[in-house]
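Those sequence lines, one after another, are chains A and B.
For the first sequence, the working numbering assigns the number 1 to the initial residue and increments by one for each residue that follows.
For the second sequence, the working numbering assigns the number 316 to the initial residue and increments by one for each residue that follows.
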Amino acid sequence: MKLTTKLMALATSAVMALASPAFAEDWAPDGPLTIQIGFGAGGSTDTMGRVLAEVMKKNTGWNIVVENKPGGGGVAMFTGLSQRPVDNKTIGMGVSIPVLVQLVQRGDQLPFDTDSFDYLGTVAKAELALVASKDAPFDDLEGMIAYAKEQGSLPVATMAPPQVLMMNQTKSTTGADFNLVTADGGAEVMKLILGGQVMAGFGSGEHYPYLESGDMKVIAGANQSRLSYAPDVKTFIESGVNAYVDPIFFLAMRAGTDPAAIEAISSAIDEATKAPEFAKIVQNAVKGDPINMGTDGTKQMMVDGLANAKILFAK
Amino acid sequence: MVEFSTILAGFGDAFSLYNLAFVLFGVVLGQFVGAVPGIGPIMAMAIAIPFTFGLDPLPAIAFLVGVNKGGLVGGAVPAVLMNTPGTPDAAATALDGYPLAKQGKPLKATKMALFSSITGDTFSDIVLITVSAPLAVLALKMGPIEVVALMIFAFSILAGLIGNSLTKGIIAAAFGLLAASVGQDPENFTPRLIFGYWDLFDGLALPSVAIGMLAISEILHRLSEAHGNMRPAIIAKDTGNPDDRRVTWAEYWSCRFTMLRGATIGTILGALPGIGSTAAAFMSYAMTKAGSKDPGSFGKGNIQGIAASESANSAVVGANLIPLLTLGIPGSVGAALIISAFMIHGMQPGPLLFENQGRLVYGLFGAMIMANFVNLWVGQLGLRLWVKVVSAPESIIFSSALLLCFVGVSMATSGLFGVAIMLIFAVIGYLMASFGYSLVIFIIAFFLGPRFEKSIAQSLALTDGDLTQVLKSPVALALLILSVVSVVWFLRKNVHGEDE
């Protein structure tokens with residue numbers, strides 16, 4: 001009797017386990033889904049991607065593998081993604097700006113454009129700020145420009161081409177001179193500011209602890225709108241320099257993917273971006289809330305972003 | 316300032332059986348993957364991080380610390396037993412470890428590596444726990460100009476490793492720097508030497524080059540020597556003298572200054588982000604050899620060589636946490652992974668970490684101390700096992716190692732492209748070794764090249780190309796003068812060496 005009950009329970013649970021994905025979704029991947037992250041392990045894209053995959057896995061029961069495909073700010077990964085056959089289970093995750101800048105600057109050398117992908121959604125927007133040590137003799141971008149003119153030149157740390165282009169735009173608009181030092185990521189920018197080797201630098205989140213501790217101050221926001229955590233600080237645009245970047249973390253698949261797969265995966269992503277544990281990691285990584293623009297919104301963001309990047313970053 | 320009660324509470328949190336179990340599991344995993352050629356502790360950590368999502372912060376971090384520390388000890392095993400270092404920082408250990416193992420003393424060699432690794436690691440942990448804040452402030456003052464000077468100094472000391480032919484040494488270094496320049500240039504982000512392969516945009520992957528050059532080329536070398544006869548990959552001779560199977564206290568004690576120097580070099584380089592354990596291991600080795608009364612015995616199985624290399628590369632790992640915890644700046648890939656684990660568990664490394672999360676930080680320190688003891692204990696048991704494993708016939712050991720290198724590199728570089736690069740560098744490495752060019756010099760130049768170039772570019776941007784600015788930095792000036800002194804000294808020593 002006891003054994004029969006056990007066997008029954010086992011059989012029932014086996015049937016339920018097999019059947020449950022069918023109840024949850026009409027479409028299910030025929031094998032593990034792979035999320036390819038366009039950056040190395042340990043960065044903010046990687047951290048958010050891994051937690052996103054974890055939450056999606058929990059919600060859908062799908063097996064999801066996360067891989068890092070670093071290179072060229074995501075360009076290596078998107079190149080690979082655009083060249084592989086449609087398999088309905090390989091997803092790329094990257095950041096809009098580095099891809100758009102490469103498309104503008106050497107689009108003829110790249111085997112893909114914005115039409116090469118079907119977009120699944122976005123997860124967050126990075127807020128980029130120009131920050132300086134608390135002891136810096138200026139408090140905003142106009143003050144920094146005036147100080148640079150007074151001193152002859154001013155050392156500023158950047159970490160990626162878009163920021164170099166923004167500073168060059170500032171140079172040509174205002175006539176102030178900057179010594180642009182390229183650092184290996186935001187953490188090194190912070191080190192150069194704290195060590196006094198540069199007067200200001202860009203941070204995409206690495207500076208939060210120093211704002212909190214009072215060691216640094218925000219000089220300008222580099223996005224289109226003001227920074228959510230420093231609403232009193234003017235942007236580059238408001239300070240008279242017509243340049244901004246809005247780096248957005250997004251997911252995409254090879255163009256031509258089964259629409260049923262796109263729908264199922266994008267709604268799984270949407271569901272995951274609403275989970276509190278994901279919101280927590282996004283808050284840690286970019287100091288903002290998760291943002292999902294949906295499939296059409298993401299496509300529009302990339303198309304508009306490319307047009308804007310052409311104006312800002314064309315050689 | 317953190318209150319004493321917080322420190323005690325932190326240590327109290329750490330020293331529980333539950334955490335000990337996670338440390339133990341981490342160390343065992345770390346030693347295993349470290350010892351398997353091709354798969355390093357970094358990859359083990361990257362894979363393990365998602366598994367820590369469900370854990371509380373302290374056991375999660377204790378586990379990762381265990382993996383990282385276990386990997387250090389494990390990394391020396393293939394280098395010593397088979398001359399196939401899985402990571403470049405163990406390459407210096409192979410220089411004397413492998414000859415000693417070949418003399419029939421594999422246990423002695425690996426045990427010396429274990430003891431000196433843990434000595435160096437413990438030294439840097441103590442420095443981290445006691446004086447990390449002032450050290451981090453000092454490290455901040457090392458700007459790009461000082462880093463360039465420090466790297467020139469490192470290169471000048473490495474000149475001591477060049478060996479017989481200065482020309483061949485310089486060619487190997489130049490080739491290493493050339494390979495390091497593949498990928499986007501650090502200033503204008505223009506792709507260089509990528510030949511249309513966007514996979515190369517961020518440069519040649521270090522695991523591909525290091526494992527191809529150091530491990531696969533050695534396996535190719537062994538294959539070329541095989542004549543179809545079955546022989547074990549290593550012969551552990553039973554000489555009847557128990558001292559050949561262990562490290563005596565007198566031997567350990569005779570290495571105390573070597574280990575202290577190695578640990579100091581490792582701690583200093585570890586506190587400066589981005590230079591890394593490979594340079595530390597080789598600098599310590601070169602300095603020990605130069606300072607020795609009998610430099611001729613190095614490379615032939617001198618335990619001082621093992622002690623120098625292992626104490627330095629292990630000290631880097633603890634010291635890497637100095638800029639990480641105090642400033643939020645990761646000093647290495649391993650440290651970057653620990654940051655991402657911190658962030659997943661809601662900790663933000665940086666200036667307020669000790670204030671906001673002091674108890675957790677001291678819990679981490681407690682876990683590190685536990686990990687050192689567990690490492691020693693697991694290592695003692697594990698080494699016997701590895702020596703047994705490697706006593707299997709060559710045909711089995713080397714083909715398994717080859718397979719593991721393929722698997723490891725394809726995992727570390729996420730694909731077969733990295734494996735292709737590995738094979739290319741294996742052939743280059745085989746040819747270079749056959750014609751007497753130093754692989755070690757190549758790897759160090761390759762490893763330090765990108766950082767060196769970046770620091771030069773940064774320095775030039777800061778000074779507008781005005782070299783006289785160097786005179787304003789006493790630290791840089793002192794390091795440059797020391798570099799000249801050490802080059803002259805090494806060259807004279809080499810000339811004298813050839814006269815004898």
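A virtual CB, placed ideally from N, CA and C, is assigned to each residue, including glycine.
Within the segment 144-171 of chain A, those residues whose Cβ lies closer than 7 Å to any Cβ of chain B are, in chain order, P155, P161. It is roughly 10 Å from the alpha-carbon of E67 (chain A) to the alpha-carbon of A727 (chain B). For M190 (chain A), the chain B residues whose C-beta falls within less than 9 Å of its own C-beta are L642, G643, I644, G665, listed in chain order. A Cβ-Cβ distance of about 7 Å is found for the pair K191 (chain A) and P588 (chain B), placing them in contact under the 8 Å criterion. Contact with chain B is found for A76 (chain A), since one of that chain's Cβ atoms lies less than 9 Å from the residue's Cβ. For the pair H542 (chain B) and V742 (chain B), the Cα-to-Cα distance works out to about 20 Å. Cβ proximity to chain B below 8 Å picks out E206, Y208, P209, Y210, E212, S213, D215 from the segment 203-217 of chain A.
Here G121 (chain A) is near S266 (chain A), since their CB atoms are less than 9 Å apart. Between D46 (chain A) and chain B, the shortest Cβ-Cβ separation is below 9 Å. By the Cβ-count criterion, W692 (chain B) is exposed, with fewer than 16 other Cβ atoms from all chains shown falling within 10 Å of its own Cβ. Between R50 (chain A) and chain B, the shortest Cβ-Cβ separation is below 9 Å. Minimum Cα-Cα distance from R571 (chain B) among the listed residues B:I433, B:G678, B:M545, B:N398 corresponds to B:I433. Using a Cβ-Cβ cut-off of 9 Å, P501 (chain B) is close to T182, D184 of chain A, given in chain order. The beta-carbon separation of G221 (chain A) and E206 (chain A), rounded to 16 Å, does not stay under the 8 Å limit for a contact. For V803 (chain B), the number of other beta carbons within 10 angstroms of its own is below 16, and it is reported as exposed. If you compare the alpha carbons of A:G152, A:Q83, A:P209, A:Q36 with that of T174 (chain A), the shortest gap goes to A:G152. One alpha carbon belongs to I486 (chain B), the other to I759 (chain B), and they sit about 13 Å apart.
Interface annotation, I281 (chain A): in contact with chain B, CB-CB separation under 9 Å.
Interface criterion met: the Cβ of M457 (chain B) is under 9 Å from a Cβ in chain A. Closer than 9 Å at the C-beta level to chain B, one finds these residues of the segment 57-74 of chain A: V66, E67, N68, K69, P70, G71, G72, G73.
Apart from sequence neighbours up to five positions away, the residues of its chain that approach V65 (chain A) with a beta-carbon distance below 6 Å are P32, T34, ordered along the chain. Straight across, the Cα-Cα distance linking S82 (chain A) with T298 (chain A) is about 17 Å. Put simply, the CB of G511 (chain B) is near chain A, with a gap under 9 Å to one of its CB atoms. Sequence-distant partners of K89 (chain A) (beyond 5 residues in either direction) whose C-beta falls short of 8 Å from its own C-beta, in its chain, are P29, D30, G31, P32, L33, T34, A261. Taking 7 Å as the cut-off between beta carbons, the residues of the segment 664-684 of chain B near chain A are G665, P666, L667, in sequence order.
The residue from A:E263, A:I248, A:Q283 with its alpha-carbon nearest to that of V303 (chain A) is A:I248.
Counting of Cβ neighbours within 10 angstroms places A595 (chain B) among the buried residues, the total reaching 16 or more. Within the model, the alpha-carbon separation for A525 (chain B) versus S714 (chain B) is close to 19 Å. A straight line joining the alpha-carbon of T593 (chain B) with that of I472 (chain B) spans about 13 Å. In the three-state reduction of the DSSP assignment, S788 (chain B) falls in the coil class.
Taking all protein chains shown into account, M545 (chain B) has fewer than 16 neighbouring C-beta atoms within 10 Å of its C-beta and is therefore exposed.
Per DSSP, the beta bridge partners of Y119 (chain A) are A:A252. Per DSSP, F178 (chain A) is one residue of the beta strand (DSSP E) stretching across 178-182. Uninterrupted alpha helix (DSSP H) stretches at least 4 residues long and entirely within the segment 399-473 of chain B occur at 406-417, 421-455, 459-473, given in chain order. 9 Å or more divides the Cβ of N334 (chain B) from the Cβ of G649 (chain B). A straight line joining the alpha-carbon of Y413 (chain B) with that of A394 (chain B) spans about 7 Å.
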